[in-house]
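Heads up, the sequence shown is in the working numbering, so the first residue is 89 and it goes up one at a time.
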Amino acid sequence: GQSINFASPLTFFLLGSLCWVNRRFVPLNWLFVVAATIVLFFVAKTGFYHYLYPLLLTYTVFMIVYKTPHIDMDKFGDISYGVYIYAWPIQQMVWSQGQSAYLNILLSTAIVFPLAYLSWCFIEKPALNIRKSLSSSKNKTD
């Protein structure tokens with residue numbers, strides 16, 4: 089029979105969703121992360137590791153997201169659509185035979201983020217401003 093891979097992306101998605109839905113009941117404490125990491129270290133060679141690792145990693149991500157200071161990314165504009173549009177073509181352009189996935193991610197990210205920012209500044213934001221001005225002038229004529 090096949091065994092279940094508890095470290096699959098679906099596992100992390102479901103755990104993250106569960107934490108988000110129940111976020112009022114999930115206590116966020118760095119001491120718990122430290123204690124769970126120590127426990128994980130001691131069970132590393134046992135079968136429990138595969139069950140505990142996704143739980144600890146998901147919890148740690150929530151701790152980082154909700155308990156650490158963040159840079160205000162809004163001041164840079166909304167690059168999400170540009171990242172969405174440009175990521176795959178850039179990944180294909182920088183790929184070469186025998187290249188590791190990590191290098192591809194690094195190179196692609198170094199190109200995509202500035203490109204997405206330029207797209208926001210010179211294409212998307214101006215287009216949204218035109219749309220906004222057109223809709224406001226349409227409302228004035230109605």
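Ideal Cβ positions, reconstructed from N, Cα and C, are used throughout, including at glycine.
1. Under 8 Å, with one C-beta from each stretch per pair, do the stretch 165–174 and the stretch 143–155 reach the 3-pair mark?
2. Taking the C-alpha atoms as reference points, what is the distance between Phe136 and Ala124?
3. Need the endpoints of the alpha helix (DSSP H) that Gln187 sits in, please.
4. Buried or exposed, going by whether 16 or more other CB atoms sit within 10 Å of the CB of Val153?
5. My assumption, with CB atoms under 8 Å, is that Gln209 sits in contact with Gly165. Please give the rounded CB distance.
6. Compare the C-beta of Tyr172 against all C-beta atoms of chain C and say whether one is closer than 8 Å.
7. Can you tell me the Cβ-Cβ gap for Phe232 and Ile167, rounded? I've got them flagged as a contact below 8 Å.
8. Measure the beta-carbon distance from Ser196 to Gln179 and round it to whole angstroms, keeping in mind my assumption that it falls under 8 Å.
9. Could you have a look at Trp118 and say whether DSSP puts it in helix, strand or coil?
According to the data block:
1. no
2. Spanning the two alpha carbons is a distance of roughly 12 Å.
3. Run containing Gln187: none; DSSP gives neither H nor E here.
4. exposed
5. The sequence shown places Cys at residue 209, rather than the Gln named in the question. With 8 Å as the limit, Cys209 and Gly165 qualify as a contact, their Cβ atoms being about 7 Å apart.
6. Absent from the structure is chain C; it holds one protein chain and no more.
7. Any property of residue 232 remains undetermined from this structure, which presents the chain solely from 89 to 230.
8. 5 Å
9. Here Trp118 carries a helix assignment [DSSP, helix/strand/coil].
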